Each structure stands twice: as C-alpha cells, then as structure tokens.
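K.L.:
So the number in my numbering is just where the residue sits in the sequence shown, counting from 1, plus 202.
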Amino acid sequence: NDGDQDTPGQQGWGGLGAHALVFGKTPSETALVTLATSNDIEPGKEIYTANPAKGAVVLDGSLTEWTGIPVLSDPRFTIPKGSGRSGTPVLFELYDAGGPGTASWTGPDDQTSAVQIAYDADNVYFGFTVTDDYHENAAHSAWNGDSVQLMIANAAQNAQVALYNYALGGTEEALDGVIIQHEAGPGGTEAVITRNPATKRTVYEIRLPKESLGLDSLAIGTQFGLGMAINDGDQDSPGQQGWGGLGAHALVFGKSPSQTALVTLGTGGTTADLMFLSAINSTLYGFSFRVTDKGASILDPLSVKLLIDGEAVTLTTSPKNLDATDFAYTRITPYPPASSHTYSIEVKDTSGKSVVDTASFKIIPYAVLTKAMQAVSVDTSKRGFIWSIFQNEVYQHTSLTETEMALAGQLKDAAGDPVTDNNADPAAVGPALGEGVKVGPLYRFEIPTVINLSQLAGEVNGNFTPDEQMPGIPGLTFSDDGVDAEVVTFVDFPAGWITVGVNSDDGFRAQAGYINVPADGVLMGE
Numbered sequence: 203n204d205g206d207q208d209t210p211g212q213q214g215w216g217g218l219g220a221h222a223l224v225f226g227k228t229p230s231e232t233a234l235v236t237l238a239t240s241n242d243i244e245p246g247k248e249i250y251t252a253n254p255a256k257g258a259v260v261l262d263g264s265l266t267e268w269t270g271i272p273v274l275s276d277p278r279f280t281i282p283k284g285s286g287r288s289g290t291p292v293l294f295e296l297y298d299a300g301g302p303g304t305a306s307w308t309g310p311d312d313q314t315s316a317v318q319i320a321y322d323a324d325n326v327y328f329g330f331t332v333t334d335d336y337h338e339n340a341a342h343s344a345w346n347g348d349s350v351q352l353m354i355a356n357a358a359q360n361a362q363v364a365l366y367n368y369a370l371g372g373t374e375e376a377l378d379g380v381i382i383q384h385e386a387g388p389g390g391t392e393a394v395i396t397r398n399p400a401t402k403r404t405v406y407e408i409r410l411p412k413e414s415l416g417l418d419s420l421a422i423g424t425q426f427g428l429g430m431a432i433n434d435g436d437q438d439s440p441g442q443q444g445w446g447g448l449g450a451h452a453l454v455f456g457k458s459p460s461q462t463a464l465v466t467l468g469t470g471g472t473t474a475d476l477m478f479l480s481a482i483n484s485t486l487y488g489f490s491f492r493v494t495d496k497g498a499s500i501l502d503p504l505s506v507k508l509l510i511d512g513e514a515v516t517l518t519t520s521p522k523n524l525d526a527t528d529f530a531y532t533r534i535t536p537y538p539p540a541s542s543h544t545y546s547i548e549v550k551d552t553s554g555k556s557v558v559d560t561a562s563f564k565i566i567p568y569a570v571l572t573k574a575m576q577a578v579s580v581d582t583s584k585r586g587f588i589w590s591i592f593q594n595e596v597y598q599h600t601s602l603t604e605t606e607m608a609l610a611g612q613l614k615d616a617a618g619d620p621v622t623d624n625n626a627d628p629a630a631v632g633p634a635l636g637e638g639v640k641v642g643p644l645y646r647f648e649i650p651t652v653i654n655l656s657q658l659a660g661e662v663n664g665n666f667t668p669d670e671q672m673p674g675i676p677g678l679t680f681s682d683d684g685v686d687a688e689v690v691t692f693v694d695f696p697a698g699w700i701t702v703g704v705n706s707d708d709g710f711r712a713q714a715g716y717i718n719v720p721a722d723g724v725l726m727g728e
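(1) In the DSSP output, what is L517 paired with across the bridge?
(2) What's the gap between the Cα of S275 and the Cα of Y716?
(3) Checking 8 Å against the spacing of the C-beta atoms, do L410 and T391 come in under that value?
(4) So which of T304, G372 and A608 has the shortest CA-CA distance to Y645?
(5) Using the Cα positions of T519 and D311, report the straight-line distance between them to the nearest angstrom.
(6) Going straight from the alpha carbon of T691 to that of K564, what length do you get?
(7) Exposed or buried, I566, counting other C-beta atoms within 10 Å across all chains shown (16 or more means buried)?
(8) Which parts of the stretch 381–455 are runs of the beta strand (DSSP E), unbroken and 3 residues or longer, counting only runs that do not cross its ends?
(9) Do the stretch 644–660 and the stretch 589–598 meet, that is, are 3 or more Cβ pairs less than 8 Å apart?
(10) With DSSP as the reference, label D528 as helix, strand or coil.
(11) Nearest-angstrom Cα distance between S681 and A629?
(12) Alpha carbon to alpha carbon, how far is T651 from G586?
(13) Would you mind sorting P272 into buried or exposed? The rule is 16 or more other CB atoms within 10 Å of its CB.
(14) Since E548 is in the beta strand (DSSP E), which residue starts that stretch and which ends it?
(15) Which residues bound the alpha helix (DSSP H) around A608?
(16) Is G286 helix, strand or coil by DSSP?
(17) Since M726 is in the beta strand (DSSP E), which residue starts that stretch and which ends it?
(18) Spell out the partners DSSP gives E688 in its beta bridges.
(19) Is there contact here, the stretch 462–481 with the stretch 492–510, by at least three beta-carbon pairs under 8 Å?
(20) Please go through the same chain and pick out, in chain order, the residues whose beta-carbon is closer than 6 Å to the beta-carbon of S419, but skip the five residues on each side of it.
(21) Do P245 and Q359 have their C-beta atoms within less than 8 Å of each other?
(22) If you follow the beta strand (DSSP E) that T462 is in, where does it begin and where does it stop?
(23) CA-CA distance, D438 and L370?
(24) Excluding five sequence neighbours on each side, which residues of the same chain lie with their C-beta closer than 6 Å to the C-beta of I281?
(25) What number of angstroms, rounded off, separates the C-alpha of T557 from the C-alpha of T544?
(26) For A252, tell me which candidate among D615, G270 and P620 has the shortest Cα-Cα distance.
(27) Starting from the C-beta of S676, find all residues in its chain whose C-beta is less than 6 Å away, skip the five residues before and the five after it, and write them out in chain order.
(28) Tell me the rounded alpha-carbon separation between F150 and K573.
(29) Determine the burial state of D707: buried for a count of at least 16 other Cβ atoms within 10 Å of its Cβ, exposed for fewer.
(30) Look at the alpha carbon of G226 and the alpha carbon of W215, and state the distance between them as a whole number of angstroms.
(31) In angstroms, rounded to a whole number, what distance separates the CA positions of V549 and N718?
(32) Between D581, P673, G219 and T494, which lies nearest to T333 when the distance is taken from Cα to Cα?
(33) Name the DSSP beta bridge partners of S275, please?
(34) Between the stretch 324–339 and the stretch 347–366, are three or more C-beta pairs nearer than 8 Å?
(35) What is the DSSP secondary structure of T280, counted as helix, strand or coil?
(36) Mapping the DSSP letters down to three states, classify M575 as helix, strand or coil.
As structure tokens, then:
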C-alpha cells in the first residue's frame, strides 16, 4: 500500500497477488508458491504452472484451440550436465553423434521451440511448435533424429515415473508416419505430429492421461516433474546431434529425475493469445532475440527496446519471416571475459499489450593473447611438441597444484616426505623421435606428430583412436601410475577467436603466453 503527504491513507497498491486482498478477500487471486529443486534449468524456469484447457482439445496437429494458453519458449540450461548455476547457459546443446565437430546449431531457424501445456479433469496436453530448417529422422527412430522425449517424475523430483518418446519418421523429402514409444511407465499416451515443409515447422500435439503420469487426479495444485529433450538432426549430420528443451538433462547423459522442472496444475491463462519472446541469447559480441506473433497479437516493430546493464542499445532488425522477427545488438568490442550483465527486453503488440523479460547473463571466461606475448625465437622447421614427464607410483596425487610441484621437482607426499625419484623410462619412446633426455627432474621427449596419448598403446580413450603410448611409460618399475606431464608447443594463431579443446581424463591446465613461469601464463582452461 502507498499513501502520500498530500493524499494520506491507502491511495493505491502493488505487489504479487494484490487482488487477493483488495476489493474483498479472494484466495483464488493469490500466487502459488512452489518449493523446487535447483538444477541445470535457467533460474525462474525450473518451476512452471500449467493452465486449464479453454475447451475440448482435439489432437489434429493444428493447435487452433489452444488460444490463451501461455507459451514456454527456449528455456536455457547450463552445460555440462550437473553444473547448475556454475555452468555455461545455452539454448541448444551439441552432441556430435557422428564424431567430433559433426554437429552444429546455427540459430533459431535451425531449431527453436514454443511449448504449451494445458490440462482438464482427465488429461495433460502438450503442444510443441518446433521451427527447424530441415526435418531429419532417416532412422525412423523415436529419439535418434528430430523428435521429442518426455520424462515424467514424481512431485519430489527424485523418482522417474515414465519415459515417452514421439517422432515423425522420414526426412524433408519423404515424410513418414508418427512414432510413439512408451519406453517406460504406464503408457496409454496419444500424439499427432504434422510437418509443414513450406513454413519449416513441426507441430507435436500430445495427450497424456492422468494414469500415464502416475496420478489419480488432476486437481488444482497437483504437481509432477517434467523433462523434455527436443532433439535435432540435420541433413548433413543425421541422428540425435543435439537438443534443447525444459529439463533436457533429465533425459540425456543418463536419466535424472532431479533435472526435471516442477509443474503445478494451476489457474490462469487469458482469453486471447499474446506474442512471445524466444531464442534469447547472449554472445561475446552482443545479444539477440526473436519475437513471434501469436493470433491477433502482432508485434509493433517500433516498440522494441533492449537495455543492457540499464542502458538502451541500438538494435538491428531482420526482415520478418512468417510471424517471427529477429533482433540483434552488436558491440564494437567483446564483453570482458567472465563478466556479469543484465538485460531487459520490452515489446508491444499493435494493440499496446506488452511482453517484458528481464534477467542476467554471464560471459564465458576466455583468454586474451596479445602481440607482446608472441614468441620470437622459434625454430619453425621443427614441427611437433616437447613432452616432459615425471612418474612415481609411490604417491598418486590428484591435484594440479601437486602436478606443478612434481614438474618442478618439489613434490612431497601426505606425510611431507619428498617424492623426487623420477621412474619414467627414457627408453620407452612411443611416438617420440628418440630416447628421453634428463632435463632437471624430468625426462624430455620430442614428439613430431600429434598428442594423442594414453598409458597403453592401442587404447580407445581419446577422441581420435587408437591412442598412442605415452613416452616414458611404463616406468622403470613397470608402473603406469603416478604420472605428471607437461606438453609445450608453439602455434601460429591468426588474429581472431580460436576455440581449443583438450580431452584429459585426470585433469589438465592449459596456459599460453609467458609459460616458463606457471604463475605468469595466461589460463586458457582447466
């Protein structure tokens, strides 16, 4: 409540559920407060209130009777799985089912989704509208290609109730029939899936009877866990190449009910549709989002505003495609590494109704390498890597700090006793040019090809197989444990953004620049 000096008393009010208290007491005007599990889902999206259906829902793949049911579009989630608030938020997660680098996501035209959830006394309904530039399910699979997978969990989000998968088989050139797979749980669900190759949109209309959810009734306040993986494959990279969706990590990389969103059956919705925001995405150089018309709610393009850190920024508008308009803000310089920011989007339709979204985002850490760090005394005629190794199985530590100590000849065990005997075998050459040479506490080898090493030759632990033998291993005591190694090379990078990947099963630290003193090197990742 608020009163002013010249207008004392209760002159007005704001607040969540204010109409529960004013103009009579009305419990139905309260907000429903839900205690939910924190997981990889974007904060604020890990709970969802489903609205009652406005009338009879007919499974025909058109969604015409879904007017007034709010749209849930493109919730972000953090990777890798289980990283929670400390992970990297993404709209779409690449899987690379065909091998490293085979998967790609080029933006909302490649895949974006709008999801509606409604219910009546006997059923929960799902309406998915997926925008996808190419329909790919050549495998005719319920999950290995363009498809939707659902996990139903209990209200405590600690037990799986059901797994249901839905797909339209075939490819853009030869669409096939609907595939329904009741992978686990009571079953009994129905679905109609339609694809419009002209608009590049696929509609999934799905009915889950209350029994298929493991529920006896669908009364207001009923809760259940929901995870969805909206899978995508492309013409040049078929199969399950990646996914988006609310609670996707409930279904991929193992089944995890704790990664579901908590859905509550509530009241609400409107009598009319409202345009919606999707594909909200920050990049190193800017920010972008999409506005999609819905029904009679048509975007007024002159109303669009974006504030970054409270300051209005200039937007570039793409030509409208069907009912979708894309907006982008581009910076002259990138955001600082690991910096935190806020955004606020406000748009209005032609009748003056507003849609607002406000949240925060964080830029990924990245290394900045300057010309001053460039090496000046490099023999460019000798390609390859310097591999320096220390091996002693007596003390098998697990920290990068102790790795640095081992490489410096200063390692001590848990009792404080020195562990300085290097048992690496200089005659175990592996892919190196010749035997190792003792340099300080380490044995140094020159590898002229690539770093693709394991403790045993012929293993298949890496991205590129078979693996080669680590030079110096097994050691003189025939052990391949207690290994610390350093790899040094010079790379001629062009100016611009470079992505470097490291696959190490026991931990690593990658540095560039002034690497002779570890404390002075630029951290690229660990």
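Where is the CB? At the ideal position from N, CA and C, for every residue including glycine. Small disclaimer: the values here were computed from a predicted structure and weren't measured.
P.N.:
In terms of the structure at hand:
(1) None; L517 has no bridge partner.
(2) 45 Å
(3) yes
(4) A608
(5) 15 Å
(6) Roughly 32 Å separates the two Cα atoms.
(7) exposed
(8) Uninterrupted beta strand (DSSP E) stretches at least 3 residues long and entirely within the stretch 381–455 occur at 392–398, 403–411, 425–436 and 439–446, given in chain order.
(9) yes
(10) strand
(11) 14 Å
(12) 6 Å
(13) buried
(14) S542 to K550
(15) L602 to L609
(16) helix
(17) V724 to G727
(18) S590
(19) yes
(20) Here S419 has no same chain residue with a Cβ atom under 6 Å from its own Cβ, once five neighbours each way along the sequence are excluded.
(21) no
(22) Counting along the chain, T462 falls outside any beta strand (DSSP E), and DSSP gives it neither H nor E.
(23) 18 Å
(24) Once the five neighbours on either side are set aside, the close Cβ partners of I281 are G289, T290, V292 and E295.
(25) For clarity, residue 557 is Val in the given sequence; the question names Thr instead. Straight-line Cα distance between these residues: approximately 17 Å.
(26) G270
(27) Here residue 676 is Pro; the residue named in the question, Ser, does not match the sequence. Excluding positions up to five away in sequence, the list reads D682.
(28) This structure does not reach residue 150, given that the chain is present from 203 up to 728, and the question cannot be answered.
(29) D707 is exposed by the Cβ-count criterion.
(30) 14 Å
(31) 53 Å
(32) T494
(33) A316
(34) yes
(35) In the three-state reduction of the DSSP assignment, T280 falls in the strand class, which pools E and B.
(36) helix
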